[in-house]
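In terms of the numbering used here, the sequence shown is residues 904 to 1169.
No residue lacks a Cβ here, since even glycine has one placed at the ideal position from N, Cα and C.
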Amino acid sequence: MVGVLGWAVTVGAASATERFFGYTYEPEVLPQGAGEFEQWITLRSQRNDKVGQHNFNEWEFREEFEYGVTDNYSVSIYLNTKNTSWRSVPADGDQAPGFEFDGISIENRYMVLNPTEHPIGLTLYLEPRFSGEEAELEQKIIIGQRYGDWKWALNLVHATEWNLNDHTTEGEVELDFGLTRHLNKRWSVGVEARDHNELPEYNTWENTAVFLGPVATYTAEKWWATLSVMPQVWGSNFQDNPAGDPHFELEGHERVNIRLVLGMGF
């Protein structure tokens, strides 16, 4: 416990709000009365030409304002936009949608077990999203802990997305894991893993894609930045495999995902 508290004090001297993973949430929440702004930038790049999307790139942008309502509960509001581009194959096929408004999200996190007081921290997460054309509800079970200079976190994720135009439903199941080491008061480096699965109408398990890559965090006195680079290391489409690739799932997922998160407390 002394090692855990010492690590938290050392890192917290520079910033009390930084996050050490791009995709994996940690159990800590903002203390009561604290606020933070985060800018998320995510690049999802490269799919298979056989699915008709040559040179696929999707840039996702999220602006987050988070506030600590109590020492155990924080709430955030997100503004979500994205820009998607590809070259149609064949040339007269579907066109990329370009820039889109992707809705507003409200994130709720409640810390059930504080990791500084228990062997493992536990936080429950609920995030509804609405864009006018889509509605989504995402849930997470977040666990994690610090041991000296090391920190880990694990997320169990489920989401349901409803398309309000064609009245379809898609389920998503995801497992995220991150492990990082604090090198000094500024730098932390580690690794993240992510397994994402899609379940159209909840009647088929359509695909799975596993991503694995490095993560690094820089913490300054008034801001912090985290970068995750996550190439797909294995994937499979369990239905008809439209991408025709035996090693990767490149119809609903990309060859590489990159996420940069910048944060500033206030």
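Query raised in the report: Using DSSP with H/G/I as helix, E/B as strand and the rest coil, what is D1148?
Result: coil
Requested in this report: Mind reading off the beta-carbon distance from S1139 to G925? Whole number of angstroms is fine, and I expect it under 8 Å.
Outcome: Going by Cβ atoms, the distance from S1139 to G925 rounds to 24 Å, so no, they are not a contact pair.
Query raised in the report: Who are the near neighbours of M1133 in its chain, counting only those whose CB is closer than 8 Å to its CB and skipping five residues on each side?
Result: G925, Y926, E1095, R1097, F1114, L1115, G1116, V1159, N1160, I1161, R1162
Requested in this report: Measure the Cβ-Cβ separation of G865 and V932 and say whether it is below 9 Å.
Outcome: Examination of residue 865 is not possible in this model, given that the chain is present from 904 through 1169 alone.
Report task. Determine the direct distance from the alpha carbon of K1125 to that of Q1048, and round the result to whole angstroms. Result -> 24 Å
Query - Pair within 9 Å by beta-carbon distance, V1060 and L1102 - result: Here V1060 is not near L1102, since their CB atoms are 9 Å or more apart.
Query - Three-state class that DSSP yields for V954 in the structure shown - result: helix
Query raised in the report: Hey, is the region 945–961 in contact with the region 1003–1021, meaning 3+ C-beta pairs nearer than 8 Å?
Result: no
Requested in this report: Enumerate in chain order the residues of its own chain whose CB-to-CB distance from A919 is below 6 Å, with the five nearest sequence positions on each side excluded.
Outcome: Here the model assigns A919 a pLDDT of 47, short of 50, so the residue's position is not dependable and the matter cannot be decided.
Query raised in the report: Hey, which unbroken runs of the beta strand (DSSP E) at 3 residues or more fall wholly within the region 1024–1074?
Result: 1024–1033, 1037–1050, 1053–1066
Query - Cut-off 6 Å between Cβ atoms - residues of its own chain near M1167, not counting five sequence neighbours on either side - result: The beta carbon of M1167 sits closer than 6 Å to those of F940, W1126, all from its chain and outside the five residues before and after it, given in chain order.
Query raised in the report: Going by other Cβ atoms of all chains shown within 10 Å of its Cβ, with 16 needed for buried, is Q1142 buried or exposed?
Result: An exposed status is given to Q1142, since fewer than 16 other beta-carbon atoms sit within 10 Å of its beta-carbon.
Query raised in the report: Counting only runs that start and end within the region 1075–1128, where is the beta strand (DSSP E) found for 3 or more residues in a row?
Result: Entirely contained in the region 1075–1128, the beta strand (DSSP E) runs reaching 3 residues are, in chain order, 1090–1103, 1110–1122.
Report task. Under 8 Å by Cβ, that's how I've got P930 and P1018 pegged, so tell me the actual separation to the nearest angstrom. Result -> Taking 8 Å as the upper bound for CB-CB distance, P930 and P1018 are in contact here, some 5 Å apart.
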